[in-house]
Every structure is written in C-alpha cells, then in structure tokens.
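The numbering of the sequence shown is this note's numbering, which starts it at -18 and goes up by one. Just so you know, even glycine gets a beta-carbon here, dropped at the ideal spot from N, CA and C.
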Amino acid sequence: MTQALNSKQIEDFKHQGFLIALPVFSHTEMDQLNQELPNILSLLKPGESTKEIREWHEASRLLFDICMDKRILDYVESLLGADFYMWASNFFIKEPHSMETVGWHQDAYYWPLYPIESLTVWVALDDVDEQNGAMRVIPASHRQGMVEHRRQEGDDSVLSLQADVSAFDPDEAVSVSLKRGSISIHDDKLLHASPGNASSQRRAGFTIRYSPNRVKCNLKINPHFRVFPARGDMCRINPLGEIPTQRYGRLFREHQSIEESGQKREKEFWVKKISEKGK
Ligand SMILES: O=C(O)CCC(=O)C(=O)O
C-alpha cells in the first residue's frame, strides 16, 4: 500500500478530521491550469454560475486528470486504504469582493452514500487565506457524528440546509490557509463553512470526492452517480463512468440540486431515526 502520508499525518486526520498544506502541483502546473481554466468556464451558458460545474470530470479530460493525479491518489490511499474510487468534483470560486458564503455543514448530510466514510480533497488554484475567504473547519467535529441540519433562508450562503449551530461552537473554527497548488483533505463528517471574499484577490478551489469501494450510492436519490476506480479492485457495487476523451467538455444533464439531494437525504435520516426508535 502507498504511504504518501506519514503515521503522524494519518493519526492527525483520524483525530482532527482534516489535513492541510499537502503539496501537489508545481507553480508551472498551476500556471498552466489557470491558463486553461477559461476554456472550461466558457462552456457555461448565460445565467449559469461556476457552482453549476459539477462532475464535469466526466466530460473534460483536463479535470479528470486532476482528479486522478497520482500524487493526490497517493495521499488518499494513505487514508482510505488500497481500494477506492473517485466520484465527484466541483469548483468553489469566490471572485474578489464577493460576499457569497458557504454555511456550516457536514458533506455526508448531502450525500446518499453508505457507509459514511468518504473524503474531500480541496485543490487550491490560488493562495487562500482568511482575507480571501478560506474554508473554516471545526477540528475533531467529525468524531461527534452527524449534527441536525436545518433550512436557513435569507443569508448569503450557497447552501440553505445548514448544521444547527447550537450543536457546536463556531468560535472553535480554524482557517484552512493554502498555497496555490497544495491541497487540504477533510472527512465527510467534519463541520466546515467559508465566509465571503472581501479582498481583491480571487479565491478558487476545486474539490474532488473519493470513497472506499464498499461505499454504495442510493441511486434513487442520485441516479447520475458514476464512479471511476482509482486504486485497487474494480468497484462493482456502483455504476462505472466513462473516461472522457475531449480536453474541455461539459455535462448537459439536469443535475439534481445539492439542496434537493440534501432534502431527500434529510428524509432518509429522519426515517432511519424513527426506525431506530422503533427497535
Ligand atoms: O470552498 C468552500 O468554501 C467550501 C467547500 C466545501 O464545502 C466542500 O468542499 O465540501
């Protein structure tokens, strides 16, 4: 098994639920990627925002190759073990002076995946810090299990289904500062959020999600779910995706919104709770 992370980093991830500042891409590679990014963004239709760029690794070889970069997979293998797949990617781009935030949440609340064992790699396309709206995380919050999420309207968050802030202390949050080309990794139960970008510097991140092969998607909730085996055995319990051949491409499928998926997932949690009580 590949051990790109040392045993202290693996322990830290288990205890804190995240790792930061892991080097991956060189400055030259980042310059190249940022130079090519407009070719992807130009595929958005009028009225669509960068949030709509979801799972375009299924249509764009440029993005697919980032998701399957050996250096990233080596880190992920240290945490998930020898058999895992990649299944999602999206951009979180905050332009200068953009007040859009991401409310407190746990990724697993939105994903119809069982068991809850997935993780996210956040690739920094820019230098990211408190000034331009870096992600904030609550260390070790993944160990307290799932927190109730509630609908919250009327703030600047791109997510309206947000974690109940009475269940944790937002003042314990730490900022995930990253140099461009480096990555952070977070557990799917870690509470995280991000503030607006009041600075004059762009804050762009590309997130990639990975799961062990034993993790199965409820296709009734997400019928578009496609996996790309990354390491080890072929994943046989989820539908396989097709590797894209064109360098820049987009999906035209009707995505279920993240909110919609969260609502269905919320119902599932609810049903589970009732059935647990009934035991
Ligand atoms: O980049 C951000 O601001 C939030 C990212 C996020 O919520 C995630 O990667 O799950």
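Is the beta carbon of L44 sitting closer than 8 Å to the one on Y191? no
Three or more C-beta pairs closer than 8 Å, one from the segment 130 to 149 and one from the segment 106 to 113: is that the case here? no
Counterpart residues of H86 in DSSP-defined beta bridges: H173
Quick check on E39: buried or exposed, where buried means 16 or more other Cβ atoms within 10 Å of its Cβ? buried
Three-state secondary structure assigned by DSSP to F6: coil
DSSP beta-bridge partners for K280? No information on residue 280 is available, as it lies outside the stretch -18 to 260 that the chain covers here.
Can H123 be considered in contact with ligand 1, in the sense that its beta carbon sits closer than 7 Å to one or more heavy atoms? no
Looking at ligand 1, does it come within less than 7 Å of M116, judged from the CB to the closest heavy atom? Yes, since a heavy atom of ligand 1 falls inside the 7 Å radius drawn around the Cβ of M116.
Which residue marks the beginning of the beta strand (DSSP E) containing V102, and which one marks its end? 100 to 105
Using only Cβ atoms and a threshold of 6 Å, which residues come within that distance of a heavy atom of ligand 1? Order them by chain position. Residues with a Cβ closer than 6 Å to any heavy atom of ligand 1, in chain order: F73, V83, D88, T101, W103, M116, H173, S175, G186, T188.
Quick one: grab the DSSP three-state call for I218. coil
Should R35 go down as buried or exposed, given a rule of 16 or more other Cβ atoms within 10 Å for buried? By the neighbour-count rule (16 or more Cβ atoms within 10 Å), R35 is buried.
If you run the structure through DSSP and keep just helix, strand and coil, what is W92? coil
For E76 versus R183, is the C-beta distance shorter than 8 Å? yes
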